[in-house]
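Working notes for the structure below.
2 protein chains.
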Amino acid sequence: MSTPPAKTLAGRRAQAARNDEVILEAARAVFLDDPKAPIAAVAERAGVGISALYRRYAGKEDLLRQLCHDGLRRYIAEAEAALAEPDDWTAFNRFLGRVVDADVHSLTVHLAGTFTPTEEMGRDAMRANELAAALVDRAHASGRLRPDAVAQDLGLLLEACAAVRVPDPERTGQLRRRQLAVLLAGLSTVPDADPLPGPPPAAGEFDWRWRHRA
Amino acid sequence: MSTPPAKTLAGRRAQAARNDEVILEAARAVFLDDPKAPIAAVAERAGVGISALYRRYAGKEDLLRQLCHDGLRRYIAEAEAALAEPDDWTAFNRFLGRVVDADVHSLTVHLAGTFTPTEEMGRDAMRANELAAALVDRAHASGRLRPDAVAQDLGLLLEACAAVRVPDPERTGQLRRRQLAVLLAGLSTVPDADPLPGPPPAAGEFDWRWRHRA
DNA sequence: GCAGACCGGAACGATCCGTTCCACTGTTAG
DNA sequence: CTAACAGTGGAACGGATCGTTCCGGTCTGC
Chain G
1 MSTPPAKTLA
11 GRRAQAARND
21 EVILEAARAV
31 FLDDPKAPIA
41 AVAERAGVGI
51 SALYRRYAGK
61 EDLLRQLCHD
71 GLRRYIAEAE
81 AALAEPDDWT
91 AFNRFLGRVV
101 DADVHSLTVH
111 LAGTFTPTEE
121 MGRDAMRANE
131 LAAALVDRAH
141 ASGRLRPDAV
151 AQDLGLLLEA
161 CAAVRVPDPE
171 RTGQLRRRQL
181 AVLLAGLSTV
191 PDADPLPGPP
201 PAAGEFDWRW
211 RHRA
Chain W
1001 MSTPPAKTLA
1011 GRRAQAARND
1021 EVILEAARAV
1031 FLDDPKAPIA
1041 AVAERAGVGI
1051 SALYRRYAGK
1061 EDLLRQLCHD
1071 GLRRYIAEAE
1081 AALAEPDDWT
1091 AFNRFLGRVV
1101 DADVHSLTVH
1111 LAGTFTPTEE
1121 MGRDAMRANE
1131 LAAALVDRAH
1141 ASGRLRPDAV
1151 AQDLGLLLEA
1161 CAAVRVPDPE
1171 RTGQLRRRQL
1181 AVLLAGLSTV
1191 PDADPLPGPP
1201 PAAGEFDWRW
1211 RHRA
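The listed protein sequences correspond, in order, to chains G and W. The numbering used here applies: residue 1 is where the first sequence begins, and numbers increase by one. The numbering used here applies: residue 1001 is where the second sequence begins, and numbers increase by one.
Below, the structure is given as structure tokens:
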């Protein structure tokens, strides 16, 4: 037993293990393109049958939840990585660039509400918020972030970038980077700027995604 | 004949005429909230039966098209009104504020693709682009708009604002205004700004909405 | 007072999609 | 070598949704 031929792609077991990844990858691509896509589309994209999906996930909701949780974890990982960066403003900058490039936000936002979140997700979401707030604090400390920007503005910013969409995925990435650059410039300190209008976004105002969805 | 009682709200005719508006208003509200809402939802919101809808529109697609065309006309009207403003930068500013407040973009973007556009809409879309380009030109002339911003950036900007969404519509409006303020600050001229990355959005890159939608 | 505009809403038919089920295949344990 | 079986493809099912049609009823305008 145990890897009879040492080759990495032998046997049914290995094939199955590889399918694990293929399916997740396909699901990510498909649901990123259309959050309401049928499950069959995922199977087709992955080049497997529907059974291969149902063997791994209890149902569509289960798959969606896992996918979304992965996105959340990625977000946290990027935040932690950015916090290791010594320069405050660079950390802030780098973090946003990474998150936008990884398209984490689309997953999180467009999929939230299509499943009932686990408690662990709730905890992770809290941690994500804390990390983001820490990055914003440091950005404020650097003096490069305009004083009336708040942590929740990150949500707005990421949503804005995720909204950019053209048929070609690569081009989409470029345009999102452009959008991000504009937004970052808008959030930067300038001498004679008018203050941002209206009450700033509050803490709970974006968590509604993690709860209902009538 | 002709208005036997001079009152504004008498008779079946008047009721019918009023329904015209009520239905359009309901349709706007419903499809703004969910572009894939069933037609029955519009009828319910309007407080009328389904027949009242089908008496006025050949089908769902017809209603959607009309709704979207109205949005386009509103966009054009706002652009023309803004062009009458003497100060270049103020015109640019005012125009965007109005369009964001009127939520024109949501209609246009989320509904496009759900119907086959008429030729007149194609012409109107062209005119809209010309007017927007004129506003951008004037904004450039004022020296307040950063030189590497192009007309197509308006599309990106409006999309970003429309992406902001919370349950309460009024609050949504406030947050969009905030978003707009950040974006405008980002598009404003500042002395030592880094140039915007990547190739700028090109002319045809957003017209794909007006064509297919597999 | 009657023809018909106008309307409400039930009913229909088509479509779509999540899930189940079963036959099949190559693998692995003994 | 072979009997079990994990793993799979994909057809089929049942439920839900939704656009559209249709019919019976009501009130107006002449």
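Even glycine gets a Cβ: it sits at the ideal position worked out from N, Cα and C.
In this structure, what does DSSP give as the bridge partners for residue i?
i: G/Leu187; result: In the DSSP output, where bridge partners are listed per residue, G/Leu187 has none listed.
i: W/Leu1145; result: W/Ser1188
Just to check my reading of the structure: residue i and residue j have Cβ atoms closer than 8 angstroms, yes? What is that Cβ distance to the nearest angstrom?
i: W/Pro941; j: W/His1110; result: Limits of chain W in this structure are 1001 at one end and 1214 at the other, which puts residue 941 of chain W out of reach.
i: G/Ala82; j: G/Arg94; result: 5 angstroms
i: G/Arg56; j: G/Asp20; result: 7 angstroms
i: W/Asp1088; j: W/Ala1141; result: 6 angstroms
i: G/Leu53; j: G/Ala43; result: 6 angstroms
i: W/Gly1122; j: W/Trp1208; result: Not quite, the Cβ-Cβ distance comes to about 13 angstroms (not below 8 angstroms), so this is no contact.
i: W/Leu1107; j: W/Leu1032; result: 6 angstroms
i: W/Ile1193; j: G/Ala102; result: Looking at the sequence itself, residue 1193 of chain W is Ala, so the reference to Ile does not match. About 26 angstroms separates the two Cβ atoms, so there is no contact after all.
i: G/Pro200; j: G/Gly155; result: The pair is not a contact, with the Cβ atoms about 11 angstroms apart (cut-off 8 angstroms).
i: G/Leu183; j: W/Leu1183; result: 7 angstroms
For residue i, which residues in the same chain have their Cβ closer than 7 angstroms to its Cβ, ignoring the five residues on either side in sequence?
i: W/Thr1172; result: Val1164, Arg1165, Val1166
i: G/Val30; result: Ala37, Ala41, Val42, Arg45
i: G/Ala27; result: Val42, Leu63, Leu67
Within a Cβ cutoff of 6 angstroms, which residues of the same chain sit near residue i, ignoring the five residues on either side of it in sequence?
i: G/Val100; result: Cys161, Arg176, Leu180
i: W/Phe1098; result: Note that residue 1098 of chain W is Arg in the sequence shown here, rather than Phe. Hits under 6 angstroms: Glu1078.
i: G/Val22; result: Ala46
i: W/Lys1060; result: Ile1039
i: G/Gly204; result: none
i: W/Pro1114; result: In the sequence on display, residue 1114 of chain W carries Thr and not Pro. Excluding residues within five positions, the ones whose Cβ falls inside 6 angstroms are Leu1064.
i: G/Phe206; result: Gly155
Near residue i, which residues of its chain fall below 8 angstroms by C-beta distance, leaving aside the five closest residues on each side in sequence?
i: W/Asp1124; result: His1069, Leu1072, Arg1073, Ile1076
i: G/Ala283; result: The structure shown has nothing for residue 283 of chain G, since chain G only spans 1 to 214.
i: G/Gly230; result: Because chain G in this structure spans residues 1 to 214, residue 230 of chain G falls outside the shown range and cannot be described.
i: G/Pro169; result: none
i: G/Glu120; result: His69
i: W/Ala1112; result: Cys1068, Arg1209, Trp1210, Arg1213
i: G/Leu187; result: Leu145, Arg146, Ala149, Asp153, Leu157
Could you list the residues in the region 1099-1127 of chain W with a C-beta less than 7 angstroms from some C-beta on chain G, going in chain order? none
For the region 1032-1052 of chain W, enumerate the residues whose C-beta is nearer than 7 angstroms to any C-beta of chain G, in chain order.
Per Cβ criterion, the list is empty.
* Looking at C-beta atoms only, is the number of pairs between the region 128-138 of chain G and the region 1126-1144 of chain W that lie closer than 8 angstroms three or more? -> no
- Query: If we count Cβ pairs, one from each stretch, closer than 8 angstroms, do we get three or more for the region 151-162 of chain G versus the region 1177-1197 of chain W?
  - Reply: Taking one beta carbon from each stretch, the region 151-162 of chain G and the region 1177-1197 of chain W have 3 or more pairs nearer than 8 angstroms; the two touch.
Residues of the region 131-159 of chain G in Cβ contact with chain W at a cutoff of 7 angstroms, in chain order, please.
Residues Leu156, Glu159.
- Message: Beta carbons nearer than 8 angstroms to chain W: which residues of the region 194-209 of chain G have them?
- Response: Asp194, Leu196, Pro197, Gly198, Pro199, Pro200, Pro201, Glu205, Phe206, Trp208
Would the region 140-150 of chain G and the region 1140-1158 of chain W be scored as touching if the rule is three or more Cβ pairs under 8 angstroms? no
Q. Residues in the region 84-98 of chain G with C-beta within 8 angstroms of chain W's C-beta atoms, listed in sequence order?
A. none
Practice problem: Compile a chain-ordered list of the residues in the region 1172-1186 of chain W whose CB is closer than 8 angstroms to at least one CB of chain G. | Solution: Gln1174, Leu1175, Arg1177, Arg1178, Gln1179, Ala1181, Val1182, Leu1183, Leu1184, Ala1185, Gly1186
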